[in-house]
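I have placed the structure first, in the form of structure tokens, so that the comments after it can refer back to it.
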Amino acid sequence: MKEKIVIIGNGISGVTCARYIRKYSDHEILIISAETPYFFSRTALMYVYMGHMKFEHLQPYENWFWDKNRIELKQAYVSNIDTAANQLVLDSGEKINYSKLVLATGSKPNKFGWKGQDLKGVQGMYSKQDLDALEETTKNGIDRAVIIGGGLIGIEMAEMLLSRNYPVTFLVRENTFWGNVLPIEESEMVKRHMAEHHIDLRLNTELKEVLADENGHARAIVTNKGEEIKCQVAGLTAGVSPNIDFVKSSNIETNRGILVNEYLQTNIKNVYSIGDCAEFKEHPSSDRRNIEQVWYTGKFMGKTLAATICKTPTVYNPGHWFNSAKFLDIEYQTYGWVFPKPRENEQHFYWEHESGKKSVRLCYSKKTRKFIGINTFGIRMRHQAFDKWLTEEKSVEYVLEHLADANFDPEFYKQHEKEIVAKFNAENGTSLSVRKRNWKTLFR
Ligand SMILES: Cc1cc2nc3c(=O)[nH]c(=O)nc-3n(C[C@H](O)[C@H](O)[C@H](O)COP(=O)(O)OP(=O)(O)OC[C@H]3O[C@@H](n4cnc5c(N)ncnc54)[C@H](O)[C@@H]3O)c2cc1C
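If you're matching positions, the sequence shown starts at 87 in this note's numbering and goes up one per residue.
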């Protein structure tokens, strides 16, 4: 039977879901989203400010794509959901009926009730509107920006501002940079690299309040140590949380996010949630967090849900954890699990290049030698290799001996496998050798 599927949110999760519903069915599809008329790549927003791309270049699909695939788009804000009537209410008052509803409303930057957090010049870096606001605030130049909260979005925002030569101060509450994710050596590497880029990093420092000028614009921030730092931009990058305020007045169950089961279904039979805004009551993979706020998990959820809606109930299975990012000039990749400190029965092996800008850390089981995860900085690795080795539960010794197969960098880049394995041998009394690169093993 042909149904009317309404998706709120045109980000990666909502759009992937729509694309697969179209692939699998003839259902009517409507995507309602407030931020922009068309889907864009949020992860590349920074490059627009830095002048590498125009905003239009962030759209993965041409504008004709939607008509051709019979996916109707509507730019509007949904203010209410009436699940008893299967009806949405837009802020214009318009009512829209659905037979199935998908909530894919993403995240919003955290605000912790700081005094002055809503002044002009105080902003997160999440949406197209945030990008426009930063353009507007900095169009005539600024003396300084202060970024509050050390994580991936914070460092991206710092890089954006540095690209226009604006001095940046970075406040981080903890005593290390991104210390809840990075082990101390990697965190120190990022710290040194930030200093090279003249970022004024203040660890153990929190925002107390933002001070206003006579026009209601930020003129300075005050730290918890009582220091006043003059700035016209205060970047709020202390994490994000599910963008679900408008859902709270409905009878859809929420916690931090919209609560879903392993099929991405909410407590209401024909209502689902995917992407950054969804929170698993219990994640189907025991080693994952209940809220996943990364690009590829949104994509997986969209695809999985389309299968559930159009074919058979399908459990969300994101596979092995991975993530990648850039800390200014240093690329970071992680596959499997590497916690800041080894968990019980785990061991870490760490190698760092003398430049202090490249490193590899392997996490493995002390008892079984099973490879558990890897962090790499400054060396690009192949996802496929680690995904396969994690699935096949290879040993740390196997991974080290075959590391050349995972190295993505072209032949003429300096290879470091010999150095890495020599260090492991010296520390562990082993005599591993580096196998010649043989990519064929990865494709078998
Ligand atoms: C600057 C930045 C860099 C990032 N870099 C990376 C990276 O390198 N790698 C990575 O894996 N992840 C990265 N992320 C995270 C990644 O972008 C997100 O996980 C992903 O975009 C979330 O997609 P989504 O579809 O769940 O939601 P979103 O992309 O947030 O889309 C949700 C949409 O729904 C709209 N909406 C919300 N409520 C309503 C409503 N009531 N009515 C109508 N519309 C509504 C919103 O306006 C929004 O447009 C980054 C995020 C940011 C902000």
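Quick reminder that beta carbons are idealized off the backbone N, C-alpha and C, glycines included.
{"Check": "Three-state secondary structure assigned by DSSP to SER273", "Outcome": "helix"}
{"Check": "Sheet register partners of CYS317 (DSSP bridge)", "Outcome": "Paired residue(s): none; CYS317 is not in a bridge."}
{"Check": "GLY384 - DSSP class collapsed to helix/strand/coil", "Outcome": "helix"}
{"Check": "Any non-hydrogen atom of ligand 1 closer than 8 Å to TYR135 Cβ", "Outcome": "no"}
{"Check": "Beta-carbon separation (whole angstroms), LYS197 vs LEU322, contact threshold 8 Å", "Outcome": "6 Å"}
{"Check": "Check: ILE157 C-beta below 8 Å from any heavy atom of ligand 1", "Outcome": "no"}
{"Check": "ALA120: CB within 8 Å of a non-hydrogen atom of ligand 1", "Outcome": "yes"}
{"Check": "Secondary structure, beta strand (DSSP E): runs of 3+ residues fully inside the stretch 425–480", "Outcome": "432–438, 445–451 and 457–463"}
{"Check": "Outcome for MET467 when other beta-carbon atoms lying within 10 angstroms are tallied against a minimum of 16", "Outcome": "buried"}
{"Check": "Option nearest LYS586 by Cα separation, candidates ILE115, VAL333, ILE117 and ASN431", "Outcome": "Any answer about residue 586 is impossible in this case: the structure gives the chain only from 87 up to 530."}
{"Check": "LEU174 and LEU187 closer than 9 Å at C-beta", "Outcome": "yes"}
{"Check": "Nonlocal neighbours in the same chain, by C-beta distance under 7 Å from GLN209, ignoring five residues either side", "Outcome": "ASP216, ALA219, LEU220, GLY321 and LEU322"}
{"Check": "Residue span of the alpha helix (DSSP H) that contains ARG108, given as start and end", "Outcome": "98–110"}
{"Check": "Cβ shell of PRO370 (< 7 Å), same chain only, five flanking positions each side left out", "Outcome": "GLU348, VAL401, TYR402 and ASN403"}
{"Check": "ILE395 versus GLU245 - alpha carbon distance", "Outcome": "41 Å"}
{"Check": "N-terminal and C-terminal residue of the alpha helix (DSSP H) that ASP491 is part of", "Outcome": "489–492"}
{"Check": "Assumed close pair VAL482, TYR450 - CB separation to whole angstroms, cut-off 8 Å", "Outcome": "4 Å"}
{"Check": "Chain B contact for GLY343 (CB, 9 Å cutoff)", "Outcome": "In the displayed structure, chain B is absent; only one protein chain is listed."}
{"Check": "Where the alpha helix (DSSP H) through LYS154 begins and ends", "Outcome": "150–154"}
{"Check": "Any 3 or more C-beta pairs closer than 8 Å across the stretch 330–343 and the stretch 353–368", "Outcome": "yes"}
{"Check": "Contact test: ARG536 Cβ vs ligand 1 heavy atom, cutoff 8 Å", "Outcome": "This structure does not reach residue 536, given that the chain is present from 87 up to 530, and the question cannot be answered."}
{"Check": "Proximity winner among LEU289, GLY179 and VAL101, relative to PHE151 (alpha-carbon distances)", "Outcome": "VAL101"}
{"Check": "9 Å Cβ cutoff met for ALA190 and SER359", "Outcome": "yes"}
{"Check": "Whether LEU116 touches ILE91 by CB criterion (9 Å)", "Outcome": "yes"}
{"Check": "Minimum C-alpha distance to THR255 - residue among LEU289, LYS480 and SER165", "Outcome": "LEU289"}
{"Check": "Candidates LYS397, SER410, LYS294 and PRO399: closest to THR383 by CA position", "Outcome": "SER410"}
{"Check": "One or two residues paired with LEU289 in a DSSP bridge", "Outcome": "DSSP output for LEU289 lists no bridge partner at all."}
{"Check": "Neighbour-count burial assignment, ASP229, 16 or more Cβ in a 10 Å radius", "Outcome": "exposed"}
{"Check": "Endpoints, alpha helix (DSSP H) assigned at VAL507", "Outcome": "503–514"}
{"Check": "ASN226 burial status per 10 Å Cβ neighbour count (16 or more: buried)", "Outcome": "exposed"}
{"Check": "PHE435: CB within 8 Å of a non-hydrogen atom of ligand 1", "Outcome": "no"}
{"Check": "Cβ-Cβ separation, ASP495 to HIS406 (assumed contact under 8 Å), whole Å", "Outcome": "That belief does not hold up - the Cβ atoms of HIS406 and ASP495 are roughly 22 Å apart, past 8 Å."}
{"Check": "Rounded C-alpha distance that separates GLN379 from SER193", "Outcome": "8 Å"}
{"Check": "Contact test: ARG128 Cβ vs ligand 1 heavy atom, cutoff 8 Å", "Outcome": "yes"}
{"Check": "At least 3 beta-carbon pairs within less than 8 Å: the stretch 234–249 vs the stretch 125–144", "Outcome": "yes"}
{"Check": "Helix, strand or coil at ASP168 [DSSP, three-state]", "Outcome": "strand"}
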